[in-house]
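Here is the structure:
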């Protein structure tokens with residue numbers, strides 16, 4: 172059985188897109204030994220979970236107190252663990268890990284490596300690209316999560332080759348659909364979910380809900396917010412007060428820091444999932460919503476148009492009333508809403524399931540391991 176080492180700069184049990192995607196690959200390989208790969212995750216010390224909680228091997232390393240110290244400790248740890256495990260292929264999953272591995276890659280020149288680029292090319296600072304590009308040129312493959320980002324790299328760099336493997340969501344919590352959990356509702360439920368961060372643009376989300384209410388539409392709002400940094404709780408209070416003022420306290424249901432299981436159940440109670448992001452490299456929340464038969468309406472940014480695949484459900488921040496009109500149509504036309512919900516669910520099944528994600532990675536590994 173061939174070994175694949177996954178390099179990460181965050182613990183795999185810290186909620187995040189890269190961590191969840193890596194978890195999906197590793198759980199899938201462990202679940203399907205017939206593929207012939209043994210995953211080994213190399214990451215900082217787990218936060219709450221234990222290594223024995225996972226069906227694959229985890230090698231932990233210590234974290235420092237600042238960025239420079241972290242880099243030095245990662246260099247030392249990567250070097251020692253890779254020598255000890257002797258993998259057949261290295262899969263670098265995060266940007267800092269790519270930069271770190273760049274300092275030692277010549278010591279492991281006989282081991283091929285690939286890198287998954289989970290952002291967008293224009294999202295990196297110049298000094299980051301200065302360190303990243305030489306390492307990418309030596310890699311066997313760079314993987315992007317959308318054709319959109321592949322096009323950016325193809326036209327804006329000399330990095331080759333590049334392939335696309337669309338992202339996925341947790342098969343453990345989202346794979347099976349339970350129709351009994353999707354109940355009929357008197358009012359249309361609009362769902363919002365995401366971290367407190369600049370990219371999600373929560374002030375604009377509040378503006379959007381204001382515009383829907385001002386147009387006399389009859390709906391409720393369900394929202395899940397995730398906090399991580401100091402001051403996030405204050406932002407949550409501002410957001411909830413604005414939405415409550417727009418729709419009425421009785422029409423707002425809010426939650427904080429849901430688990431993956433709770434998020435899976437949350438989407439069952441949503442009819443239309445609204446995204447107001449000003450930056451999305453992929454948009455995993457859209458796929459989660461699709462898997463629970465939600466219609467998705469989103470800003471036309473980053474990889475979202477490609478993931479959603481329905482141009483008429485896209486709008487821009489400069490034309491908020493186009494978004495309002497999209498939702499107005501879905502609220503007033505239940506047949507169209509039901510049609511879109513089926514469309515999005517089938518799109519998830521055709522493109523973004525965990526099984527398809529694992530199969531695409533196995534094809535990649537078969538080529539280079």
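Residue numbers (my numbering): 172 to 540.
Even glycine gets a Cβ: it sits at the ideal position worked out from N, Cα and C.
- Around the C-beta of residue 590, are 16 or more other C-beta atoms found within 10 angstroms, so that it is buried, or is it exposed? Since the first residue of the chain shown is 172 and the last is 540, residue 590 is not available in this structure.
>> According to DSSP, simplified to helix, strand and coil, what is residue 185?
In response: For the purposes of this step, residue 185 is taken as residue 14 along the chain shown, with counting starting at 1. Residue state, collapsed to three classes: coil.
If distances are taken between C-alpha atoms only, which option among 429, 294, 289 and 263 comes closest to residue 282?
Along the chain shown, read from residue 1 onward, the residue named residue 282 stands at position 111. Of the candidates 429, 294, 289 and 263, the one whose C-alpha sits nearest the C-alpha of residue 282 is 263.
Exercise. Could you tell me whether the segment 458-465 touches the segment 515-533, using the rule of 3 or more Cβ pairs below 8 Å?
Key: yes
Note to self: Assuming the contact rule is C-beta atoms closer than 8 Å, residue 232 and residue 252 should be a hit. Round their C-beta distance to whole Å, please.
What the structure shows: Stepping through the chain shown from its first residue, residue 232 is reached at position 61. Stepping through the chain shown from its first residue, residue 252 is reached at position 81. With 8 Å as the limit, residue 232 and residue 252 qualify as a contact, their Cβ atoms being about 7 Å apart.
- State buried or exposed for residue 506, treating a residue as buried only when at least 16 other CB atoms are found within 10 Å of its CB. Position 335 of the chain shown, counted from the start, is the residue given in the question as residue 506. Exposed, since its Cβ has fewer than 16 Cβ neighbours within 10 Å.
Inset, instruction - Rank 214, 180, 187 and 365 by C-alpha distance to the C-alpha of residue 446 and give the top, closest one. - result: Residue numbering aside, residue 446 sits at position 275 when the chain shown is read from its first letter. Among 214, 180, 187 and 365, the Cα nearest to that of residue 446 belongs to 365.
query = Are the CB atoms of residue 179 and residue 268 nearer to each other than 8 Å?
reply = In the chain shown, residue 179 corresponds to position 8, counting from 1. In the chain shown, residue 268 corresponds to position 97, counting from 1. Yes, Cβ-Cβ distance for residue 179 and residue 268 is below 8 Å.
| Unbroken alpha helix (DSSP H) run spanning residue 493, endpoints | The count along the chain shown starts at 1 and reaches residue 493 at position 322. Looking at the DSSP string, the run of the alpha helix (DSSP H) that includes residue 493 is 491-503.
Taking only three categories from DSSP, how would you classify residue 286? By one-based count along the chain shown, residue 286 stands at place 115. In this structure, residue 286 counts as strand in the three-state DSSP scheme.
C-alpha distance - residue 350 paired with residue 451, whole-angstrom precision:
Position 179 of the chain shown, counted from the first residue, corresponds to residue 350. Position 280 of the chain shown, counted from the first residue, corresponds to residue 451. Distance between the alpha carbons of residue 350 and residue 451: 29 Å.
- [ ] Look at the alpha carbon of residue 200 and the alpha carbon of residue 214, and state the distance between them as a whole number of angstroms.
- [x] Taking the first residue of the chain shown as 1, we reach residue 200 at position 29. Taking the first residue of the chain shown as 1, we reach residue 214 at position 43. For residue 200 and residue 214, the distance between alpha carbons rounds to 18 Å.
Q | residue 208 versus residue 175 - alpha carbon distance | A | Within the chain shown, numbered from 1, the residue matching residue 208 stands at position 37. Within the chain shown, numbered from 1, the residue matching residue 175 stands at position 4. Using only the alpha carbons, I get a separation of about 7 Å.
Could you say which of 511, 490, 310 and 172 lies nearest to residue 257 if we only look at CA atoms? Along the chain shown, one-based indexing puts residue 257 at 86. Closest option to residue 257, Cα to Cα, is 172.
| Length at least 3, wholly inside the segment 244-280: the beta strand (DSSP E) runs in chain order | 260-263
- Query: In the DSSP assignment, what are the bridge partners of residue 299?
  - Reply: Locating residue 299 in the chain shown gives position 128, counting from the first residue. Per DSSP, none; premise fails for residue 299.
Start and end of the alpha helix (DSSP H) containing residue 539?
Taking the chain shown and counting its residues from 1, one reaches residue 539 at position 368. Looking at the DSSP string, the run of the alpha helix (DSSP H) that includes residue 539 is 525-539.
Review point. What do you reckon, is the C-beta of residue 516 under 7 Å from a heavy atom of the ligand ATP?
Key: Inclusion of the ligand ATP in the displayed structure is not the case, the ligand content being empty and no account of it being possible.
Exercise. In angstroms with no decimal places, state the Cα-to-Cα distance between residue 374 and residue 406.
Key: Against the chain shown, residue 374 aligns to sequence position 203. Against the chain shown, residue 406 aligns to sequence position 235. Approximately 10 Å between the Cα atoms of the pair.
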